[in-house]
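Undergrad:
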Amino acid sequence: MAGNRLKTFIILCGWLLAGSGAWAQDEPACLDCHEAAADSPVHAVFNTVHASLQGGGAAACTACHGVSAKHDRRGKKSPPDVSFGPRWPSAVEARNASCQNCHNSGEQLHWAGSSHQQEHMACSDCHKAHQPHALALDQVESQQLCLTCHTRVRAELHLPSRHPIVEGKTACTDCHNPHGGLGDRDLRQVTLNDNCFSCHQDKRGPFLWEHPPAAEDCSLCHRPHGSVNERLLTARGPALCQQCHSAAFHPSVPYGNEGLSSASTSANVLGKNCLNCHSQVHGSNHPSGARLTR
Amino acid sequence: MNERRLLSPLAAAGALVLAAYGVLAQAADPAAAPAAEQVADDTTPYSPLALQNRPVHTDPFAYDAGVARLGLGYTSRDNYMFGEYNGLDERGPTVIGDLQWQDFRDSENYWQLSLSDLGLPTRQGKLTWGRPEHLRLTMGFDSRQQVRNDSGQTPFNGNVSQHLPGNWVSGQTTGDFAVLNDSLHDFDRVLNRDKVFMGIDARLNDNWRLQSNLSYEHKKGHGDTGAAIYINAASAESVLLRSPIDYGTTEFDLGLAYNGERLHLNGQLAYSDFNNDNELLTWQNPYSSFGPDVAYPNGTGGLGLAPDNEQTSGRLTGQYIFSATTRLQFDGSYALATQDQSFSRYTVNQALLVTVPVPQQDFNGEVATSTGNIKLLFTPVAKLSAEVFYKLRDRDYDIERNGYLYVRGDGGNQPGTAQTVYNTDHDFTSQTAGFDVGYRLPLHSRLGFEYAYEEVKRRNAAVEKTEEDRYTLKYRIQPWPNVSSSLRLQYADRAADTYDWAQDYYALLDTELINATPDGQRYTNHPLLMKYYMANRERWEGTADLNYLPAERWNLNLNLLSREDDYDQSSLGLTESRWQRAQFTVSYAVSNSLSGSVYTGYDKYEGDQSGRAFRGGQEKNAFAVYSPLPQASDPRQDWDIDTTDDSITFGANVRWQLSPDYELTLDYSFVDTQARQAISTQPGASVTASDLPNVNTRLHHFQASGIWHVQDNLSLQLDYQYYTYDSDDWAWENVRANTIADVLTFGQTNPNEDIHYVGASVIYSWQ
Chain A
1 MAGNRLKTFI ILCGWLLAGS GAWAQDEPAC LDCHEAAADS PVHAVFNTVH
51 ASLQGGGAAA CTACHGVSAK HDRRGKKSPP DVSFGPRWPS AVEARNASCQ
101 NCHNSGEQLH WAGSSHQQEH MACSDCHKAH QPHALALDQV ESQQLCLTCH
151 TRVRAELHLP SRHPIVEGKT ACTDCHNPHG GLGDRDLRQV TLNDNCFSCH
201 QDKRGPFLWE HPPAAEDCSL CHRPHGSVNE RLLTARGPAL CQQCHSAAFH
251 PSVPYGNEGL SSASTSANVL GKNCLNCHSQ VHGSNHPSGA RLTR
Chain B
1001 MNERRLLSPL AAAGALVLAA YGVLAQAADP AAAPAAEQVA DDTTPYSPLA
1051 LQNRPVHTDP FAYDAGVARL GLGYTSRDNY MFGEYNGLDE RGPTVIGDLQ
1101 WQDFRDSENY WQLSLSDLGL PTRQGKLTWG RPEHLRLTMG FDSRQQVRND
1151 SGQTPFNGNV SQHLPGNWVS GQTTGDFAVL NDSLHDFDRV LNRDKVFMGI
1201 DARLNDNWRL QSNLSYEHKK GHGDTGAAIY INAASAESVL LRSPIDYGTT
1251 EFDLGLAYNG ERLHLNGQLA YSDFNNDNEL LTWQNPYSSF GPDVAYPNGT
1301 GGLGLAPDNE QTSGRLTGQY IFSATTRLQF DGSYALATQD QSFSRYTVNQ
1351 ALLVTVPVPQ QDFNGEVATS TGNIKLLFTP VAKLSAEVFY KLRDRDYDIE
1401 RNGYLYVRGD GGNQPGTAQT VYNTDHDFTS QTAGFDVGYR LPLHSRLGFE
1451 YAYEEVKRRN AAVEKTEEDR YTLKYRIQPW PNVSSSLRLQ YADRAADTYD
1501 WAQDYYALLD TELINATPDG QRYTNHPLLM KYYMANRERW EGTADLNYLP
1551 AERWNLNLNL LSREDDYDQS SLGLTESRWQ RAQFTVSYAV SNSLSGSVYT
1601 GYDKYEGDQS GRAFRGGQEK NAFAVYSPLP QASDPRQDWD IDTTDDSITF
1651 GANVRWQLSP DYELTLDYSF VDTQARQAIS TQPGASVTAS DLPNVNTRLH
1701 HFQASGIWHV QDNLSLQLDY QYYTYDSDDW AWENVRANTI ADVLTFGQTN
1751 PNEDIHYVGA SVIYSWQ
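For the record, the sequence lines run as chains A and B. Read in our numbering, the first sequence has 14 at position 14, and its numbers run on one by one without any break. Read in our numbering, the second sequence has 1552 at position 552, and its numbers run on one by one without any break.
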């Protein structure tokens, strides 16, 4: 009798142990070891948008790092299923897959095949998920991330004529989608001109008298990141205009140093040169504006 | 000489960088250096080395829930280059005010608040409330300011209607304006943009998401514009005016996204409405050259300002995943831009005789833009990836074609019907198709090849169709874990249909005038000129990038680019252009608390263009018919301009945490630019022109910022900036308001700024 009671007790204990084990698997124990400490940024994630993943708490950890059973059991001897480094960085594909479990549409829709994906970049190269203040989403700081690799652009941002990118009033990501796109240069808008018109709607027209290259492609005359010449122009006037205009009389004439002489100052050289008269170079809606002077 | 001027500092800067590297590399721990000989094995994935050891800004408050900053700054002088965009354009004190706060502790709701530059005209802020993974509501504001050269002066008063002072003394040239100097007054060229916005992002269920945004932006201020009164080009008398800007733009979009297992769709409808409060800018003619109806004081000119317009668009973006190795991506859109602003009269000058009215009351036209991008990505075998793509852009400009018997430059009565001009629509369609394949090879190398064919069709242009073949070879290799390099070489050949140099002549002018014009003169541009963007072109472009990590914590990065465009069928106009660029960057993270980088670069754009002077002596009415101009067919009238724009940049920055309590950031930028125009003419020809002076600009900008963490939650920050910039642009150098006989300018000076800025602020942070 006593033996049966003992057997029953042992079986019940076994059930309880098994049950508690199963229960423990539902409650990740990440925070048992990763305690909040001033020198550990782990808990900072709980003050970010990722705090409530899968209900929050330790479940938020496993939402990105995986269940990580081995790591749970063996601690520092075994990495979590997905680690973003620096100690055990998982393969880029694994790290990115973790992010893309949620971020697979909208901005990130065309990540596959994008230039950054082809460069084997990881989301975590730019985004620090545990930081409440996300540098990649900061309009001023995010450009530093871009310029690390895009050093060619860095110089242009300091040229005499430029957009307010250095000041952070225009971010690289205002025009380009770093996660990829099907248009040229990963531009956000469907055409380059639409990208420009998203701020410069006054140039959108349509106009009665169009200047065809302006309607076709703003970059025929302007360099968006910066230029040696004012108004982001690709060349100085009047030479810039004369690349396409050689009509009889004044457009066909070379304008040199003579036009600067005090005895023969030239309206086609000084001041705004061609634009002293032809000011409506983006198009004119005035019925007398055929020559883009009205 | 010029090459040496530019290359010598570049070489010196490069040598400095290398020397610094040499010295510091010796001090680095040799045991920590990776073995350069160690060949990368294929189990180690390729990684972009540029990302390693980068001196990323380490925000000391990145892990705080909230940070508030309050202080005072002081700018030493009024300026417009240093403060062009940052709001520090006026001498005097400014308030420093920033606030960042977010709270995600509540699992049901979260808040984020961001305010910056509160004491400046560049202030911005955003407030977000959300329910995790379900809903996000955002609202905010963003103010911007752009200041331009404000050293100029004008005698005109008023805003939309600008008039001269009552005691104005007119004349046939600016030199005759006797009271000009007494009439000049300062004015600002400042543009302020204030935008408010709100948005919603709602996750409807596991598959559907709704997004919507609404914004309104008001731009107010002044730009500048040239404005002429004339009958023909020989008689034009111009003024520079400050141009009023009073724009309002409302934008709204509504998007719905579907996120399935294989199919992802993102549809968006958008509406943008642009409203300009000003339709016309009028000014009083200061000159007395024309008759009494046009001359001062009765003469008035009018410029059309940007018309009200609106654009409605729809866009569908998505992808379909066939399998793990094959997916189809697409992005298509349709947009309709319209405007129906009423036309003004041919002239604002009521005294001028206008017998034929404007043919229609308003523009009543539209531009429909359609785009389509499709890309099929697939990986047929493990190491081979491929893409096939197609791109379409179609701009359909739909407007009624009419004859406009326009008044030339508000300078005289309406001319005879023979001088009617016709508006023209300019449709544009571009289609590109191609493929891109890449194959992985040993040593983490990848060889890629892309081919694209682009066909561009234009209606009512000199060239109806261009076709371009583009071949691109790409190679990337990472032979060792600390070395990676990529090369890209492109050859493109664009072929244009027959260049119809008379097209715009026939499109613009009236049959009566065309018939009266001899055959040899039926063109506007010279027949030998080809507009470069639709001319035959052969392009070679190459880029090379090298990343080398010579030792732990070091990163050397070299980028080279060279492009050459040859417009091989063009005799006049742009015939050749070249672009060369070199960038060299060295980054060194001495320790986790000290890092720095140095970069230098050289950039050069060159263009060769030609022209043929055929003004035929005295300036003539372009609409009158003269005997054939012999100069038009005389190659001795040819001239060439070689333009060169180059820039040298050099910069360095250091981020140093001296101790747990002290942080220091130093940043320096140097930019030296030069624009040159060398002109040559034919020996013995009547046309002569000599080189224009070089235009130089030079910038030094030094920034230092120190933070002292007084307590866990209290810090002090000191900022200092020194900025110096000068230029000698001949377009404005010594050009006073009345220097040009027939252009009344602002008499502005070139920028020459020395600015000091200091700021002190207290930072309070909390967890």
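Using N, Cα and C, we set each Cβ at its ideal position, and we do this for glycine too.
If you drop the 5 nearest sequence neighbours on each side, which residues of the same chain put their C-beta closer than 6 angstroms to that of Ile1321 of chain B?
TA: Arg1262, Arg1327
Undergrad: Distance, Cα to Cα, Ala1741 of chain B vs Tyr1296 of chain B?
TA: In this model, Ala1741 of chain B and Tyr1296 of chain B are separated by some 16 angstroms (Cα to Cα).
Undergrad: Contact check, Tyr1505 of chain B vs Arg1522 of chain B under 8 angstroms by CB: the rounded distance?
TA: Here Tyr1505 of chain B really is in contact with Arg1522 of chain B; their C-beta atoms are around 6 angstroms apart, less than 8 angstroms.
Undergrad: Roughly how many angstroms separate the alpha carbons of Phe1330 of chain B and Leu182 of chain A, rounded to a whole number?
TA: 7 angstroms
Undergrad: For Ser288 of chain A, collect the residues of the same chain with a Cβ closer than 8 angstroms to its Cβ; drop the 5 residues on either side in sequence, then sort them by chain order.
TA: Arg294
Undergrad: Could you check the C-alpha separation between Gln118 of chain A and Asn177 of chain A for me, to the nearest Å?
TA: 15 angstroms
Undergrad: So with Cβ pairs under 8 angstroms, would you call Glu1663 of chain B a contact of chain A?
TA: Answer no: the Cβ-Cβ gap between Glu1663 of chain B and chain A never drops below 8 angstroms.
Undergrad: Counting only runs that start and end within the region 1659-1687 of chain B, where is the beta strand (DSSP E) found for 3 or more residues in a row?
TA: 1662-1681
Undergrad: Can you check which of these residues, B:Asp1642, B:Leu1240, B:Trp1208, is closest to Gly1223 of chain B by C-alpha distance?
TA: B:Leu1240
Undergrad: Using beta carbons (cut-off 8 angstroms, strictly below), is Trp1639 of chain B in contact with chain A?
TA: Judged by the 8 angstroms Cβ criterion, Trp1639 of chain B is in contact with chain A.
Undergrad: Out of B:Pro1060, B:Ala1462, B:Gly1119, B:Gly1409, which one is the CA nearest neighbour of Lys1531 of chain B?
TA: B:Ala1462
Undergrad: If the cut-off is 8 angstroms on Cβ atoms, which residues from the region 1393-1423 of chain B count as contacting chain A, listed in chain order?
TA: Arg1393, Arg1395, Tyr1397, Ile1399, Tyr1404, Tyr1406, Val1407, Arg1408, Gly1409, Asp1410, Val1421, Asn1423
Undergrad: Given that Ala155 of chain A touches chain B, what residues does it touch there, using C-beta distances under 7 angstroms?
TA: Gln1583, Gly1601, Asp1603, Ser1647, Thr1649
Undergrad: In chain order, which beta strand (DSSP E) runs of at least 3 residues are fully inside the region 1356-1381 of chain B?
TA: 1365-1381
Undergrad: For chain B, find out if any of its Cβ atoms is closer than 8 angstroms to the Cβ of Asn177 of chain A; answer yes or no.
TA: no
Undergrad: Is it the case that the Cβ atoms of Arg1136 of chain B and Asn1109 of chain B are separated by a distance below 8 angstroms?
TA: No. Outside cutoff.
Undergrad: For the region 244-258 of chain A, enumerate the residues whose C-beta is nearer than 9 angstroms to any C-beta of chain B, in chain order.
TA: Cys244, His245, Ser246, Ala247, Ala248, Phe249, His250, Pro251, Ser252, Val253, Pro254, Tyr255, Gly256, Asn257, Glu258
Undergrad: Looking at the secondary structure, which residues open and close the alpha helix (DSSP H) in which Lys70 of chain A lies?
TA: 69-74
Undergrad: I need the DSSP call for Tyr1599 of chain B, collapsed to helix, strand or coil.
TA: strand
Undergrad: Along the region 1509-1539 of chain B, where does the CB come closer than 7 angstroms to a CB of chain A? Name the residues.
TA: The region 1509-1539 of chain B vs chain A, Cβ under 7 angstroms: Thr1524, Asn1525, His1526, Leu1529, Lys1531, Tyr1532, Tyr1533.
Undergrad: Assuming the contact rule is C-beta atoms closer than 8 angstroms, Ala214 of chain A and Gly283 of chain A should be a hit. Round their C-beta distance to whole Å, please.
TA: 6 angstroms
Undergrad: At what residues does the beta strand (DSSP E) containing Ala1496 of chain B begin and finish?
TA: 1483-1496
Undergrad: So is Thr1749 of chain B in contact with chain A if we call contact Cβ pairs under 8 angstroms?
TA: Not one beta carbon of chain A lies nearer than 8 angstroms to the beta carbon of Thr1749 of chain B.
Undergrad: What is the DSSP secondary structure of Gln100 of chain A, reduced to helix, strand or coil?
TA: helix
Undergrad: Should Asn1750 of chain B go down as buried or exposed, given a rule of 16 or more other Cβ atoms within 10 Å for buried?
TA: buried
Undergrad: Using the C-alpha atoms, what's the distance from Asp1150 of chain B back to Ala136 of chain A?
TA: 36 angstroms
Undergrad: Which ranges would you report for the alpha helix (DSSP H) in the region 1269-1352 of chain B if only whole runs of at least 4 residues count?
TA: none
Undergrad: Going by other Cβ atoms of all chains shown within 10 Å of its Cβ, with 16 needed for buried, is Asp1661 of chain B buried or exposed?
TA: exposed
Undergrad: Grouping DSSP H, G and I as helix and E and B as strand, with all else coil, what is Gln1122 of chain B?
TA: First, the amino acid is wrong: residue 1122 of chain B is Thr here, not Gln. Coil, per DSSP.
Undergrad: Taking the alpha carbon of Met1198 of chain B as the reference point, which residue from B:Leu1254, B:Gly1684, B:Tyr1397 has its own alpha carbon closest?
TA: B:Leu1254
Undergrad: Between the region 240-256 of chain A and the region 1712-1729 of chain B, do at least 3 Cβ pairs fall closer than 8 angstroms?
TA: no
Undergrad: Near Arg204 of chain A, what residues of its chain come up, given a Cβ to Cβ distance below 8 angstroms and the 5 sequence neighbours on each side ignored?
TA: Non-local C-beta neighbours of Arg204 of chain A in its own chain, meaning closer than 8 angstroms and more than five positions away in sequence, comprise Phe197, ordered along the chain.
Undergrad: Do you know offhand how far Gly1332 of chain B's Cα is from Gly57 of chain A's?
TA: Computed Cα separation, rounded: 42 angstroms.
Undergrad: Where Ser1288 of chain B and Pro1244 of chain B are concerned, what is the direct C-alpha to C-alpha distance, given to the nearest angstrom?
TA: Distance between the alpha carbons of Ser1288 of chain B and Pro1244 of chain B: 26 angstroms.
Undergrad: Chain B partners of Asp81 of chain A, CB-CB under 8 angstroms?
TA: Going along chain B, no residue has its Cβ under 8 angstroms from Asp81 of chain A, so there is no contact; the nearest lies around 18 angstroms.
Undergrad: By DSSP, does Gly259 of chain A sit in helix, in strand, or in coil?
TA: helix
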